[in-house]
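Trainee:
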Amino acid sequence: MTLTPEHAAHFASIALGHVRREYPNKPDHTLAGDTDARTPRQLHPVFFGSYDWHSCVHGYWMLARLVRRFPAMPPADAIRALFDAQLVAEKVAVECDYLAAPTARGFKRPYGWAWLLKLAHELSLLEEPRWARALAPLAEIFAQRFRDFLPRATYPVRVGTHFNTAFGLRMAADYAKGTADAGLLALLRDTALHWYGTDADCPAWGEPSGDDFLSSALIEAACMRRLLPATEFQPWFDRFLPRIAEREPATLFEPASVSDRTDGKIAHLDGLNLSRAWCWRSIAAGLAPGDARRAIMAEAADRHLAAGLPHIAGDYMGEHWLASFAVLALDEP
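Quick note on numbering: UniProt numbering labels position 330 of the sequence shown as 330, and the sequence is numbered without any gaps.
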């Protein structure tokens, strides 16, 4: 399965319906006084929709990716109009000012940081440069936050939710490579090796947890595949998950069951199925062409995609974010 024009138009229509939908909203906002009590649109004039800030950011990323891949699709003009209205210097400046407050030091670390950089990279690939230029000051703030934070981060975070550090490194790597920021890229790689370089024989015994949308095992492998040259990645992977040929650990091959899609946490498990598909495809692409494990991984990816794709829309608890992960799975090995 690959990303089709039909997928793109469907996913884009979903995102266009929520990136400027202000409510319901779950702000990640610390109040230092009465004057800090403001609406989502006042706090974040660009990314106020999609239930929460980080989902809005990756909704914009998905729209940028889709309009680049299918510039003539029916929703393309609406995407460009959205970017013209929202990705402008005045609104981005308010987003930047928000981050200057001491209470915002840890805002969206590392998930939102990584997605904002991922968006900045995707915008830089579009023919129209003004949107990337407008977002650049905000991207640089988050790039600097990675530079400041990673040397202090003694330990990784291995959960299957927003705090996962391997996901953060993986997504920030695209920005670092795209901007030819050799210093940031080296920091990301060195941090990954420090955190994960000696990991071996991963049991994946804790997967899936009840509100995971990431596989802590597979996103770590996808992170290392992105940051290491192939000659270093394959031996690392052979140690990390040595029994893939036997389809072990078995839990990584079985799509998650979702019992209640109106529950925001349980609905995360649809995202787990999609993100696992993305990771399986990414890891397989890092192995030698003749490696028999590639076919096993492709089969696992297809099973997870089949479990996740039918549930992109329906209830807002999933609808405000799942399509982005479907695009990762279908279009980003």
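All C-beta atoms, glycine included, are put in the ideal place defined by N, C-alpha and C.
Answer yes if the stretch 132-142 comes into contact with the stretch 182-197, meaning at least three C-beta pairs across the two stretches below 8 Å, and no otherwise.
Mentor: In short, these stretches do not touch, since the Cβ pair count stays below three.
Trainee: Going by DSSP in three states, Ala72 sits in which element: helix, strand or coil?
Mentor: As a first step, residue 72 is located in the sequence shown; it is residue number 72 there, counting from the start. Correct three-state label for Ala72: coil.
Trainee: Along the chain, where does the alpha helix (DSSP H) containing Lys265 start, and where does it finish?
Mentor: In the sequence shown, residue 265 corresponds to position 265, counting from 1. Where Lys265 is concerned, there is no enclosing alpha helix (DSSP H), given that its DSSP letter is neither H nor E.
Trainee: Out of Asp315, Met297, Ile79, state which residue places its alpha-carbon closest to the alpha-carbon of Ala245.
Mentor: For the purposes of this step, residue 245 is identified with residue 245 of the sequence shown, where counting begins at 1. If we check each option's Cα against that of Ala245, Met297 comes out closest.
Trainee: Restricting to Cα atoms, I'd like to know which of Leu125, Leu241, Ser209 is closest to Ala256.
Mentor: By 1-based counting over the sequence shown, the position of residue 256 is 256. Out of Leu125, Leu241, Ser209, Ser209 has the C-alpha closest to the C-alpha of Ala256.
Trainee: Classify Gly318 as buried or exposed, calling it buried when 16 or more other Cβ atoms lie within 10 Å of its own Cβ.
Mentor: As a first step, residue 318 must be located in the sequence shown, where it is residue number 318. Buried, because 16 or more other Cβ atoms sit within 10 Å of the Cβ of Gly318.
Trainee: Would Gln42 be called buried (16 or more neighbouring beta carbons within 10 Å of its own) or exposed?
Mentor: Here residue 42 corresponds to residue number 42 of the sequence shown, with the count starting at 1. Exposed is the call here.
Trainee: CA-CA distance, Trp205 and Thr251?
Mentor: The residue labelled residue 205 in the question sits at position 205 within the sequence shown. The residue labelled residue 251 in the question sits at position 251 within the sequence shown. If I take the Cα positions, the gap works out to 8 Å.
Trainee: Cα-Cα, which of Trp61, Gly112, Pro203 is closest to Pro242?
Mentor: The count along the sequence shown starts at 1 and reaches residue 242 at position 242. The shortest Cα separation from Pro242 among Trp61, Gly112, Pro203 belongs to Pro203.
Trainee: Let me know the beta strand (DSSP E) ranges lying completely inside the stretch 174-211, each 3 residues or longer, listed in chain order.
Mentor: Counting whole runs of 3 or more residues, the stretch 174-211 contains no beta strand (DSSP E) stretch at all.
Trainee: On the premise that Gly264 lies in contact with Phe213, defined as a C-beta separation below 8 Å, what is that separation, rounded to the nearest angstrom?
Mentor: If you number the sequence shown from 1, residue 213 lands on position 213. If you number the sequence shown from 1, residue 264 lands on position 264. Not a contact, Cβ separation roughly 11 Å.
Trainee: Does the stretch 105-124 touch the stretch 46-58, meaning 3 or more C-beta pairs lie closer than 8 Å?
Mentor: Counting Cβ pairs under 8 Å, three or more are found: they touch.
Trainee: Looking at C-alpha atoms only, which residue of His304, Tyr98, Glu128, Val94 is the closest neighbour of Leu218?
Mentor: Here residue 218 corresponds to residue number 218 of the sequence shown, with the count starting at 1. Selected option, being the one with the closest Cα: His304.
Trainee: Please report the distance separating the alpha-carbon of Leu322 from that of Gly314.
Mentor: Position 322 of the sequence shown, counted from the start, is the residue given in the question as residue 322. Position 314 of the sequence shown, counted from the start, is the residue given in the question as residue 314. Going from the Cα of Leu322 to the Cα of Gly314 covers about 11 Å.
Trainee: Give me the Cβ distance between Met73 and Ala8, rounded to the nearest whole Å; I'm assuming they're in contact under 8 Å.
Mentor: Sequence index remark: in the sequence shown, residue 73 carries index 73 (1-based). Sequence index remark: in the sequence shown, residue 8 carries index 8 (1-based). Their Cβ separation, rounded to whole angstroms, is 5 Å, which keeps Met73 and Ala8 in contact under 8 Å.
Trainee: Leaving out five residues on either side along the sequence, give the residues of the same chain with a beta carbon under 7 Å from the beta carbon of Pro249.
Mentor: Against the sequence shown, residue 249 aligns to sequence position 249. Taken in chain order, the residues that qualify are Pro203, Ala204.
Trainee: Between the Cα of Thr231 and the Cα atoms of Asp174, Asp201, Ala153, Leu287, which residue gives the shortest distance?
Mentor: What you label residue 231 is simply residue 231 of the sequence shown in a count that begins at 1. Here the closest residue by C-alpha is Leu287.
Trainee: Where in the stretch 21-46 do unbroken runs of the alpha helix (DSSP H), each at least 4 residues long, occur, reported from the N-terminal end onward?
Mentor: For the stretch 21-46, whole alpha helix (DSSP H) runs of length 4 or above, ordered along the chain, are 40-43.
Trainee: Give the straight-line distance between the Cα atoms of Asp201 and Phe240, rounded to the nearest whole angstrom.
Mentor: Here residue 201 corresponds to residue number 201 of the sequence shown, with the count starting at 1. Here residue 240 corresponds to residue number 240 of the sequence shown, with the count starting at 1. The straight-line gap from Cα to Cα measures roughly 5 Å.
Trainee: Have a look at Ser259, Val92, Asn25, Pro5 and flag the residue whose alpha-carbon is nearest the alpha-carbon of Leu66.
Mentor: For this step, residue 66 is matched to residue 66 along the sequence shown. Nearest of Ser259, Val92, Asn25, Pro5 to Leu66, Cα basis: Pro5.
Trainee: I'd like to know whether the C-beta atoms of Glu122 and Phe47 end up nearer to each other than 8 Å.
Mentor: Looking up residue 122 in the sequence shown gives position 122. Looking up residue 47 in the sequence shown gives position 47. No.
Trainee: With DSSP as the reference, label His121 as helix, strand or coil.
Mentor: Residue 121 sits at position 121 when you count from the first residue of the sequence shown. In the structure shown, His121 sits in a helix (DSSP, three-state: H, G or I).
Trainee: Apply the 10 Å Cβ neighbour rule to Gln86 and answer buried if 16 or more other Cβ atoms are within range, or exposed otherwise.
Mentor: Numbered from its first residue, the sequence shown carries residue 86 at position 86. Counting Cβ neighbours within 10 Å, Gln86 comes out buried, since at least 16 surround it.
Trainee: Quick one: grab the DSSP three-state call for Gly106.
Mentor: Position 106 of the sequence shown holds residue 106. Here Gly106 sits in coil by DSSP.
Trainee: So Phe237 and Trp278 are in contact, right, with Cβ under 8 Å, and what is the actual spacing, rounded?
Mentor: Counting from 1 along the sequence shown, the entry for residue 237 is found at position 237. Counting from 1 along the sequence shown, the entry for residue 278 is found at position 278. With a Cβ gap of about 16 Å, Phe237 and Trp278 do not count as contacting.
Trainee: Is Pro255 helix, strand or coil by DSSP?
Mentor: Working through the sequence shown from its first residue, we reach residue 255 at position 255. In the structure shown, Pro255 sits in coil (DSSP, three-state: anything other than H, G, I, E or B).
Trainee: Quick check on this structure: which residue in Ala176, Ala182, Asp148, Leu227 has the alpha carbon closest to the alpha carbon of Tyr196?
Mentor: Counting from one through the sequence shown, the residue named residue 196 turns up at place 196. Here the closest residue by C-alpha is Leu227.
Trainee: Span of the alpha helix (DSSP H) holding Gly290?
Mentor: If you number the sequence shown from 1, residue 290 lands on position 290. First-last for Gly290: undefined, no H or E at that position.
Trainee: Whole angstroms are fine: how far does the CA of Lys108 sit from the CA of Phe163?
Mentor: Working through the sequence shown from its first residue, we reach residue 163 at position 163. Working through the sequence shown from its first residue, we reach residue 108 at position 108. If I take the Cα positions, the gap works out to 9 Å.
Trainee: In its own chain, which residues sit with a C-beta less than 8 Å from the C-beta of Ile283, not counting the 5 before and 5 after it?
Mentor: In the sequence shown, counting from the first residue as 1, residue 283 sits at position 283. Closer than 8 Å at the Cβ level, and outside the excluded window around Ile283, lie Leu218, Ala221, Ala222, Arg225, Phe237, Met297.
Trainee: What are the boundary residues of the alpha helix (DSSP H) that Pro137 is part of?
Mentor: One-based indexing of the sequence shown puts residue 137 at position 137. Note, Pro137: alpha helix (DSSP H), 130-149.
Trainee: For the candidate residues Ala153, Lys177, Glu22, whose alpha-carbon lies nearest to that of Ala166?
Mentor: Along the sequence shown, read from residue 1 onward, the residue named residue 166 stands at position 166. Nearest C-alpha to Ala166: Ala153.
Trainee: Go to Ser216, then tell me how far its alpha helix (DSSP H) extends in each direction, as first and last residue.
Mentor: Locating residue 216 in the sequence shown gives position 216, counting from the first residue. Note, Ser216: alpha helix (DSSP H), 216-227.
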